[in-house]
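Student:
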Amino acid sequence: MKSPHKTDLRLHLSMACANSMVRELAREPNCADYRRSELAREPVPNKANKNSHPDHPFHGSNLRKRRYSESGRPYLVTSVTNHRQKLFATWQAGRPLALEFNSPWLQNRAETLAWVIMPDHFHWLISLQDYGDLPEIMQRSKSRSAIALNLLQGQGGRQVWQKGYYDHAVRAEEDIVALARYVVANPIRARLVAKLNDYPLWDAVWLP
6 MKSPHKTDLR
16 LHLSMACANS
26 MVRELAREPN
36 CADYRRSELA
46 REPVPNKANK
56 NSHPDHPFHG
66 SNLRKRRYSE
76 SGRPYLVTSV
86 TNHRQKLFAT
96 WQAGRPLALE
106 FNSPWLQNRA
116 ETLAWVIMPD
126 HFHWLISLQD
136 YGDLPEIMQR
146 SKSRSAIALN
156 LLQGQGGRQV
166 WQKGYYDHAV
176 RAEEDIVALA
186 RYVVANPIRA
196 RLVAKLNDYP
206 LWDAVWLP
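Heads up: the sequence shown begins at 6 in this note's numbering, then just goes up one per residue.
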């Protein structure tokens with residue numbers, strides 16, 4: 006599969022694209038609306054609230070298996086690959102997970118605000134809705150994306166994700182746009198790219 010030009014790799018995950026994951030994985034992203042977010046043009050904050058810092062080390066002791074879910078509350082969630090394997094080093098590998106962040110099954114459960122997929126983990130900023138249960142959403146998203154990735158790569162039965170996840174309940178006094186900007190700037194801080202628009206696996210709702 007030929008990769009599109011790096012400056013055109015922005016994924017717009019429309020409902021039409023997400024309706025059939027298998028179909029989407031089998032072909033070029035010709036129904037994707039590649040776009041650039043205004044967050045890519047903003048300076049990366051030098052500081053962030055330490056309680057919402059998405060770059061902390063990931064250990065089993067701070068990965069949670071369950072927590073109370075509050076409707077209407079934004080959460081920043083992070084999950085790590087099993088043994089920190091760099092399974093999402095390409096945009097093709099990251100696409101099954103990216104589709105999950107805007108999957109139709111999330112309707113009435115959660116609204117995706119921003120996300121970034123790093124080679125061995127992801128950060129996902131979501132706002133829970135009436136029928137949203139955070140542990141269920143995380144379990145289902147990780148399970149579905151693991152099945153799709155293994156199908157894509159012919160790795161049936163491989164454990165993709167480390168058990169549990171990290172979450173931060175965003176408080177009312179926090180600047181959620183600044184938090185989203187900090188989250189999606191992870192590839193720059195990790196020195197994977199010099200400019201955010203050169204990185205394919207991120208998105209945010211704050212668009213021009």
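Don't be surprised by glycine CBs; every beta carbon is placed ideally from N, CA and C. All figures in this text were calculated on a predicted structure; none of them were measured in a lab.
Can you name the start and end residues of the beta strand (DSSP E) that Glu105 belongs to?
Tutor: Taken as a continuous stretch (DSSP letters only), Glu105 belongs to no beta strand (DSSP E), being part of the alpha helix (DSSP H) at 96–105.
Student: Determine, using beta carbons only, whether Gly99 and Leu206 come nearer to each other than 8 Å.
Tutor: yes
Student: Considering only DSSP beta bridges, list what His88 is partnered with.
Tutor: According to DSSP, His88 bridges with nothing at all.
Student: Between Tyr204, Pro79, Thr83, which lies nearest to Met143 when the distance is taken from Cα to Cα?
Tutor: Thr83
Student: Quick check on Pro192: buried or exposed, where buried means 16 or more other Cβ atoms within 10 Å of its Cβ?
Tutor: Here Pro192 is buried, its C-beta having at least 16 other C-beta atoms within 10 Å.
Student: By DSSP, does Asp203 sit in helix, in strand, or in coil?
Tutor: helix
Student: Just to confirm, are Val85 and His126 a CB contact at a threshold of 8 Å?
Tutor: In contact: Val85 and His126 (Cβ atoms closer than 8 Å).
Student: Return the CA-CA distance between Glu105 and Lys147, expressed in angstroms with no decimal places.
Tutor: Whole-angstrom Cα-Cα distance: 9 Å.
Student: List the endpoints of the continuous beta strand (DSSP E) containing Ser146.
Tutor: From DSSP, Ser146 is part of no beta strand (DSSP E) but of the alpha helix (DSSP H) over 139–158.
Student: Helix, strand or coil: which one does DSSP assign to Glu43?
Tutor: Only weak support is given to the placement of Glu43: the predicted model assigns it a pLDDT of 39, under 50, and the value that follows is read from those uncertain coordinates. Glu43 falls in the helix class under three-state DSSP.
Student: In whole angstroms, give me the CA-to-CA distance for Trp110 and Glu116.
Tutor: 11 Å
Student: Where does Arg176 land, buried or exposed, given buried means 16+ other C-beta within 10 angstroms?
Tutor: exposed
Student: With a 10 Å radius around its C-beta and 16 neighbouring C-beta atoms as the bar for buried, classify Ser150 as buried or exposed.
Tutor: buried
Student: Checking 8 Å against the spacing of the C-beta atoms, do Leu92 and Val188 come in under that value?
Tutor: no
Student: When you compare each of Trp211, Ala199, Leu197, Arg163 to Arg186 by their alpha carbons, which one comes out closest?
Tutor: Trp211
Student: Taking all protein chains shown into account, decide if Ala199 is buried (16 or more other Cβ within 10 angstroms of its Cβ) or exposed.
Tutor: exposed
Student: Are there 16 or more other CB atoms within 10 angstroms of the CB of Asp172, so buried, or fewer, so exposed?
Tutor: With 16 or more other Cβ atoms within 10 Å, it is buried.
Student: So who's on the other strand from Glu116, going by DSSP bridges?
Tutor: Ser132
Student: Tell me, to the nearest whole angstrom, how far the beta carbon of Ala209 is from that of Leu81; I am working on the premise that it is less than 8 Å.
Tutor: Not quite, the Cβ-Cβ distance comes to about 13 Å (not below 8 Å), so this is no contact.
Student: Since Ile122 and Ala103 should fall inside the 8 Å C-beta cutoff, what is the C-beta to C-beta distance between them, to a whole number of angstroms?
Tutor: Indeed they touch by this definition, with Cβ atoms about 6 Å apart.
Student: How many Å lie between Asn202 and Thr95 at the Cα?
Tutor: 15 Å
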